[in-house]
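Let me begin by presenting the structure, written as structure tokens, before commenting on it.
In my numbering, the protein residues as written are 379 to 497.
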């Protein structure tokens, strides 16, 4: 019985070692995705998410309305190997860009003029 338990224990430790060894490969295939801002006739849109993994992405909608960049909205969104689209118009700044960060990966869109803003 002791031999069986030690064999199971050794197998479990080997499995744990393999799982730990697999983590860096999984992390290497994880990508933060963010499109450029689309400025349509009556809509502002962009896409954001994670491919190859799941986790929490910190994001900011930055406003350049006052001449320098300031955070207008920010938050954290959980993605599970998915990319989502975001839409807006009057609630967004007149001149904006979107920043996202996941671990060491960062994305920043080119600035876009929102012709439908309330300002």
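Ideal Cβ placement from N, Cα and C applies to all residues, glycine included.
Do you know offhand how far residue i's Cα is from residue j's?
i: residue 486; j: residue 447; result: 12 Å
i: residue 434; j: residue 488; result: 23 Å
i: residue 493; j: residue 420; result: 8 Å
i: residue 412; j: residue 445; result: 24 Å
i: residue 484; j: residue 410; result: 8 Å
i: residue 459; j: residue 436; result: 15 Å
Tell whether a beta-carbon distance below 7 Å holds between residue i and residue j.
i: residue 442; j: residue 473; result: yes
i: residue 407; j: residue 463; result: no
i: residue 496; j: residue 461; result: no
Under the DSSP definition of a beta bridge, which residues are partnered with residue i?
i: residue 452; result: 438
i: residue 458; result: 432
i: residue 493; result: Looking at the DSSP assignment, residue 493 forms no beta bridge with any residue, so it has no partner.
Relative to the alpha-carbon of residue i, which residue among the options has its alpha-carbon at the smallest distance?
i: residue 439; options: 422, 429, 431 and 428; result: 422
i: residue 451; options: 431, 477, 491 and 444; result: 477
i: residue 491; options: 408, 454 and 466; result: 466
For the beta strand (DSSP E) holding residue i, just list the boundary residues, first then last.
i: residue 469; result: Here residue 469 belongs to no beta strand (DSSP E), and DSSP marks it neither H nor E.
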